[in-house]
Amino acid sequence: MSETARVSLTLNGEPRTVEIGAGRTLLDTLRWELDLTGTKECCAAGECGACTVYLDGEAVNSCLVLAAEADGREVTTIEGLGSGGRLSRLQEAFLETGAIQCGFCIPGMVVAADALLRETPRPTLDEVLQGLSGNLCRCGGYTRICAAVLRAAGAADVTG
Amino acid sequence: MHGFAFVAPTAQAEVTGLLEEHGSEARLLAGGTDLVVGLRTGAIRPRVVVDLKRVAELRPGLSDAGGRLAISATTPLSRVVRDGRVRQWFPALAEAAATVGSIQIRNRATLAGNICNASPAADTVPALLVYGAEVVIAGRAGERRLPLDRFLLGPRRTALGRDELVTSIELARPGAGTFAAFGRLTRRRGVDLATISVCCSVDAAGVTRFAFGAVAPTPFLVADESGVLADPDADPETKDRVLAELTGLARPISDVRGSREYRQAMLMVVSRRLLRSVVDGRGKG
Ligand SMILES: Cc1cc2nc3c(=O)[nH]c(=O)nc-3n(C[C@H](O)[C@H](O)[C@H](O)COP(=O)(O)OP(=O)(O)OC[C@H]3O[C@@H](n4cnc5c(N)ncnc54)[C@H](O)[C@@H]3O)c2cc1C
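Those sequence lines, one after another, are chains A and Z.
Yeah, the first sequence ends on 160 if you go by my numbering, and it's all consecutive.
Yeah, the second sequence ends on 1285 if you go by my numbering, and it's all consecutive.
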């Protein structure tokens, strides 16, 4: 048995293969081996959501996934959300609403919100709060973050 | 993280073989929401990590036969929460599973991992106890079953032998007229471990069961068979006396989430509240 693993995954639609230590997390591998630094490392314990990515279509904390577990799977990061170099509707809504302060939590917020909207296309504010309860914003910008998600879902502006 | 080998076997026999060979040097990986945290902090230093998610026999899923629901060991909690049979037959389990962490956590965390981690505060355990869950265990010698209360031995301690793993958790569908609810107290709304957790059920015969979490080395089950608690017209003081006797069996500790005294006092409050909602729900039928 070896302490390195060969991992082949589909990353934002492209096949990629890396050789990494079996102890490396998916988060480390994305940032350090695959040069996708949009996904952030913050608490590294599943509490803050800054490292949220899609794994086989489900939002997960990439700090709690070993890269070896992603072998043969599909991973989509914040870099994979727009299309043809254009931001997604949700990303646009974050900009339009002024939901971004320091910005560090935003990639994770956007992926978590994207997952929420896929499951619940027209969420209530309460559903947004629930859906984003795994994502912390140290700037405390929750009001506008929630407004951005509701705006992307076509709701009226609630920021006042 | 320190070095370890990662293996992802596709057959259950390979898993038990690896466990037999490596013993406590091997650790099983389900959703990893407890294990990877432990690997990261160095609290656990296995030589081999064995991923269960590619094992054919353990494929994620819930299946029912003969009035029993089996939840396989790799089924993530988000799937348990969504399952129609869980929601209809075991609503308090759906409620409890829905409180675990965040959606990102529930998309990975498994029910089997929650019980095998054997935390006194494991949120799904009180509901599983109230519903009389059975743990299906496989080892080199074959399969055995244990009621959950005999599976959990203490904080971080289970009845699993060196070469054993949990393959599924089984629940018998409760008889008609059983009502149950789950409640917990946390320091903040959102992602937090329980300061205390309570599951309460009342069956058609008027037996009231409570399971209390985070107030003893393992969550535990108690019952009132007198019918007093289930009786909507019983005198509140008599009810409180019975409740105080049951909650008095708790042995809470003081920690960052609350003092012993606070836990003991709140156990009574949360239990009273839950009992009322279960008895009311039963009244409405
Ligand atoms: C941010 C965060 C929030 C959390 N919030 C909660 C919460 O609110 N409530 C709560 O109860 N828990 C919570 N947890 C803890 C954790 O998510 C749960 O205990 C979860 O159910 C563990 O399941 P898992 O599949 O991730 O287990 P893993 O981490 O994969 O495994 C846990 C342990 O069980 C063993 N194991 C796993 N599967 C088996 C098996 N089939 N047979 C034998 N042994 C096995 C592993 O070897 C390991 O020792 C939280 C964790 C995090 C990181």
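Where a beta carbon is used, it is the ideal one built from N, C-alpha and C, also for glycine.
Nearest neighbour of residue i, chosen from the options [CA to CA]
{"i": "A:V75", "options": "A:I106, A:T29, A:T97", "result": "A:T29"}
{"i": "A:P123", "options": "A:C146, A:L36, A:R138", "result": "A:C146"}
{"i": "A:V128", "options": "A:R138, A:L116, A:L136", "result": "A:L116"}
{"i": "A:F104", "options": "A:A155, A:T17, A:C137, A:L9", "result": "A:C137"}
{"i": "A:E69", "options": "A:R86, A:A22, A:G84", "result": "A:A22"}
{"i": "Z:I1137", "options": "Z:L1185, Z:S1277, Z:G1061, Z:I1115", "result": "Z:I1115"}
{"i": "A:C166", "options": "A:G98, A:G82, A:I106", "result": "The displayed coordinates of chain A run from 1 to 160. Any statement about residue 166 of chain A would go beyond what the structure contains."}
{"i": "Z:L1028", "options": "Z:P1091, Z:D1163, Z:A1133, Z:R1106", "result": "Z:D1163"}
{"i": "Z:V1100", "options": "Z:R1263, Z:K1239, Z:S1197", "result": "Z:S1197"}
{"i": "Z:Q1104", "options": "Z:P1076, Z:V1228, Z:R1085, Z:S1119", "result": "Z:P1076"}
{"i": "Z:T1041", "options": "A:L64, A:L11, A:T39", "result": "A:L64"}
{"i": "A:G154", "options": "A:Q101, A:G140, A:T97", "result": "A:T97"}
{"i": "Z:I1253", "options": "Z:R1173, Z:V1222, Z:T1195", "result": "Z:T1195"}
{"i": "Z:T1178", "options": "Z:L1146, Z:F1212, Z:W1089, Z:A1098", "result": "Z:W1089"}
{"i": "A:R16", "options": "A:E3, A:L36, A:G134, A:M1", "result": "A:L36"}
{"i": "Z:S1271", "options": "Z:G1213, Z:A1013, Z:T1124", "result": "Z:G1213"}
Beta carbon proximity, residue i to chain D, threshold 9 Å
{"i": "A:T52", "result": "Looking for chain D here will not work: the only protein chains present are A and Z."}
Unbroken alpha helix (DSSP H) run spanning residue i, endpoints
{"i": "A:P107", "result": "106 to 119"}
{"i": "A:Y142", "result": "142 to 152"}
{"i": "Z:S1078", "result": "1077 to 1082"}
{"i": "Z:S1271", "result": "1260 to 1284"}
N- and C-terminal bounds of the beta strand (DSSP E) containing residue i
{"i": "A:S2", "result": "From DSSP, A:S2 is part of no beta strand (DSSP E); its letter is neither H nor E."}
{"i": "Z:F1179", "result": "1179 to 1185"}
{"i": "A:P15", "result": "14 to 21"}
{"i": "A:E43", "result": "The question names Glu, but residue 43 of chain A is Cys in the sequence shown. Looking at the DSSP string, A:C43 is not in any beta strand (DSSP E), and its letter there is neither H nor E."}
Min CB distance residue i to chain Z below 9 Å
{"i": "A:D126", "result": "no"}
{"i": "A:D35", "result": "no"}
{"i": "A:G160", "result": "Reliability of the predicted coordinates at A:G160 is poor, the pLDDT of 45 falling under 50, and the value obtained from them is presented with this limitation in mind. No, no contact with chain Z."}
{"i": "A:G80", "result": "no"}
{"i": "A:M1", "result": "yes"}
{"i": "A:I106", "result": "no"}
{"i": "A:E41", "result": "no"}
{"i": "A:G49", "result": "yes"}
{"i": "A:G46", "result": "yes"}
Any C-beta of chain A under 9 Å from that of residue i
{"i": "Z:R1027", "result": "no"}
{"i": "Z:K1053", "result": "yes"}
{"i": "Z:V1191", "result": "yes"}
{"i": "Z:F1006", "result": "yes"}
{"i": "Z:S1024", "result": "no"}
{"i": "Z:I1044", "result": "no"}
{"i": "Z:R1371", "result": "In this structure chain Z extends from 1001 to 1285, so residue 1371 of chain Z is not present and cannot be described."}
Beta strand (DSSP E) runs contained entirely in the region 63 to 99 of chain A, provided each spans 3 or more residues: DSSP runs (the beta strand (DSSP E)) wholly in the region 63 to 99 of chain A: 74 to 76.
Short-range partners of chain A found in the region 1069 to 1082 of chain Z, where Cβ spacing is below 9 Å: P1076, S1078
Positions along the region 127 to 157 of chain A whose CB lies within less than 9 Å of some CB in chain Z: L129, Q130, G131, L132, S133, G134, N135, L136
Short-range partners of chain Z found in the region 53 to 80 of chain A, where Cβ spacing is below 7 Å: E58, A59, V60, N61, L64, V65, L66, A68, E69
The region 15 to 27 of chain A: positions lying closer than 8 Å to chain Z by Cβ: G21, A22, G23, R24, T25
Continuous beta strand (DSSP E) assignments of at least 3 residues falling wholly in the region 1149 to 1216 of chain Z: Taking only runs of at least 3 residues, the beta strand (DSSP E) segments lying wholly in the region 1149 to 1216 of chain Z are 1152 to 1154, 1165 to 1172, 1179 to 1185, 1196 to 1202, 1208 to 1213.
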